Every structure is written in structure tokens, then in C-alpha cells.
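Structure first, commentary second.
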Amino acid sequence: AQSVTQLGSHVSVSEGALVLLRCNYSSSVPPYLFWYVQYPNQGLQLLLKYTSAATLVKGINGFEAEFKKSETSFHLTKPSAHMSDAAEYFCAVSDHRRWNSGNTPLVFGKGTRLSVIA
Amino acid sequence: DGGITQSPKYLFRKEGQNVTLSCEQNLNHDAMYWYRQDPGQGLRLIYYSQIVNDFQKGDIAEGYSVSREKKESFPLTVTSAQKNPTAFYLCASSTGQSSSGANVLTFGAGSRLTVL
Chain C
1034 AQSVTQLGSH VSVSEGALVL LRCNYSSSVP PYLFWYVQYP NQGLQLLLKY
1084 TSAATLVKGI NGFEAEFKKS ETSFHLTKPS AHMSDAAEYF CAVSDHRRWN
1134 SGNTPLVFGK GTRLSVIA
Chain W
783 DGGITQSPKY LFRKEGQNVT LSCEQNLNHD AMYWYRQDPG QGLRLIYYSQ
833 IVNDFQKGDI AEGYSVSREK KESFPLTVTS AQKNPTAFYL CASSTGQSSS
883 GANVLTFGAG SRLTVL
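First to last, the protein sequences are chains C and W. First residue of the first sequence? That's 1034 in the numbering used here, and the numbers climb one at a time after it. First residue of the second sequence? That's 783 in the numbering used here, and the numbers climb one at a time after it.
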């Protein structure tokens, strides 16, 4: 089955500093990859998705991610952190191999909690 | 506005009781999903349904049951057989593969179940 690994359960950055959240995937076929954000006691909101159209994907709130096949990575970045970015971030992959349908459930990483220090 | 409504937002249950969590969507999505979230474990798939009257077990279906009688609704029952039901439960829906080929899930706000 497909899977994703998020390195670091907690990342802390200063306001204005670079945000880097790491995600590595395992897939023997071209994957569809996603980043979602979750604020406390809320559902998940899509930040961006990779669908093979372009390796650098831009999302909402100034976030972007780069798909690197050679490194099996899909790291999330933002040039300058804002206090409002403090949340939990999840990387996810479509599990094509397991579910042969158009409505494929996503497999999620364990999440990375981002703290932003003033 | 279209979206997914989960209720109740908070629920307390005594051991041995069954509880049902509601999930309703007005997005006209074909597929619906239930995930369980525990601290440090990410989201794990409980059940999912591609179409009405059809559903499939996910990775942690034991102790849970679902039904899909209407396109808009996908209730989850947490039975007394579920050994550790205290968790945050998230419902999601999707319309299937978009023109890009990716299946984007839209999530509800979640229901927090606590067993006393």
C-alpha cells in the first residue's frame, strides 16, 4: 500500500522565518500527493495537491511544495511564517494500488504540528 | 453554502453504549468517508462508500458500522465492541477524480467522542 512519512512531529519557527515541513512517500506508481492543514478542533482544509502537471505546486496562504521523484519527497515550504500558520499539517497520498476506483481514499501521515514564535 | 455537517460536535458515552455520529453533505458528492484521528497517529480510514447502498471497510473497521441509504448521508455507529472509542472522528466526501485525476477530499468539522 502507499504510505507517507512526515519527519518531525513538531516544528517550531520564529515569525518571519522559513517554514519547511518534510514528507516522503512510498509509491511504485506516480502518486497523487496532498497537503492539508488542521486548526484546533476543526476539520482538514486542502492546502495544495500534486497531480503530475508541474513539480512545483503553489497552494493557499503562500504555501508551496515541490515534488522530487529522485528523493520521493514532497516537502511543504513557506518563505515567511505568520502567527496564523500555527496548526497541524498532514501530508497524504492517494492509495491507487489498494482501491481501484475514481474515489480513492487518502492515506495520511501522522502530522506535524507547527508552532510560530513571536 | 455547500459543505459537510457533522453532529454532534461533542459526545460523551458510557462504556457499553452504542452511539451514532451523523454526517450530511450537500455537495452532491458520490463518495463519503469516515476517518478516526488520535493524537500522534494521523488519520486512519474506518469505512468508505463510493455510491449509495455500497460501502467498504477501511483499516480499522472493527467495532464500527455504517449505512449509506441516501447520497447525502453516511452515519457512523460506534458499537460497544470498539475497545477504545475515545477519539476525534472526521467525515469527508469527494466527487471522484477531477480533470487532473486527483481525488480531493472535503472534510467536515469533526465529532469528538469521549467514553466515560
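Idealized CB from N, CA, C, for every residue including glycine. Here the structure is a predicted model, which is why all the values come from computation and not from measurement.
Could you tell me which of the options sits nearest to residue i, measuring between CA atoms?
i: Asn1094/C; options: Ser1060/C, Tyr1069/C, Ser1106/C, Ala1086/C; result: Tyr1069/C
i: Val1140/C; options: Ala863/W, Gly892/W, Asn885/W, Gln864/W; result: Asn885/W
i: Tyr1152/C; options: Pro1073/C, Ala1151/C, Lys1102/C, Ala1034/C; result: This structure gives no information on residue 1152/C, because the portion of chain C shown stretches from 1034 to 1151.
i: Ile786/W; options: Pro857/W, Arg795/W, Gly822/W, Thr888/W; result: Thr888/W
i: Arg850/W; options: Cys805/W, Ser893/W, Thr868/W, Ala843/W; result: Cys805/W
i: His1115/C; options: Val1037/C, Val1046/C, Ser1042/C, Leu1054/C; result: Val1046/C
i: Gln799/W; options: Ala891/W, Thr877/W, Lys865/W; result: Lys865/W
i: Asn808/W; options: Leu895/W, Val897/W, Thr877/W; result: Thr877/W
i: Asn810/W; options: Ser855/W, Leu898/W, Gly824/W; result: Ser855/W
i: Glu1104/C; options: Ala1120/C, Ser1117/C, Ser1059/C; result: Ser1059/C
i: Cys1124/C; options: Pro1073/C, Arg1146/C, Ser1117/C; result: Arg1146/C
i: Arg1055/C; options: Gly1144/C, Val1149/C, Ser1117/C; result: Gly1144/C
i: Pro1073/C; options: Ser1127/C, Ala1120/C, Val1062/C, Ala1151/C; result: Ala1120/C
Provide the residue span of the beta strand (DSSP E) that contains residue i, from first to last.
i: Leu895/W; result: 893 to 897
i: Thr1110/C; result: 1106 to 1111
i: Leu1089/C; result: 1089 to 1091
i: Lys1101/C; result: 1097 to 1101
i: Ala874/W; result: 869 to 876
i: Thr787/W; result: 786 to 789
i: Val886/W; result: It is not in any beta strand (DSSP E) - Val886/W carries neither H nor E in the DSSP assignment.
i: Val1070/C; result: 1066 to 1071
i: Leu904/W; result: Residue 904/W is absent from the model: chain W starts at 783 and stops at 898.
Going by DSSP in three states, residue i sits in which element: helix, strand or coil?
i: Lys1082/C; result: strand
i: Ser1117/C; result: helix
i: Asn1057/C; result: strand
i: Lys852/W; result: strand
i: Gly824/W; result: strand
Notebook entry, point to check: Going along the segment 795 to 817 of chain W in order, which residues come within less than 8 Å of chain C, judged by CB to CB distance?
Noted result: Asp812, Ala813, Tyr815, Tyr817
Check: Okay, do the segment 829 to 838 of chain W and the segment 807 to 819 of chain W touch, 3+ Cβ pairs below 8 Å being the bar?
Finding: yes
Check: If you measure beta-carbon to beta-carbon, which residues of the segment 1113 to 1129 of chain C are closer than 7 Å to chain W?
Finding: Phe1123, Ser1127
Next item on the list: Count the CB pairs spanning the segment 1040 to 1052 of chain C and the segment 855 to 863 of chain W that are closer than 8 Å, and state whether there are at least three.
Entry: no
Item checked: Residues within the segment 1055 to 1089 of chain C neighbouring chain W, beta-carbon criterion of under 9 Å -> Tyr1065, Leu1066, Phe1067, Tyr1069, Gln1071, Asn1074, Gln1075, Gly1076, Leu1077, Gln1078, Leu1079, Lys1082, Tyr1083, Thr1084, Ser1085, Ala1086
Check: Using Cβ-Cβ distances below 7 Å, what residues of the segment 819 to 836 of chain W are close to chain C?
Finding: Gly822, Gln823, Gly824, Leu825, Leu827, Tyr830, Gln832
Next item on the list: Could you name the residues of the segment 881 to 896 of chain W whose beta carbon sits closer than 9 Å to any beta carbon of chain C, in the order they occur along the chain?
Entry: Ser882, Gly883, Ala884, Asn885, Val886, Leu887, Thr888, Phe889, Gly890, Ala891, Gly892, Arg894
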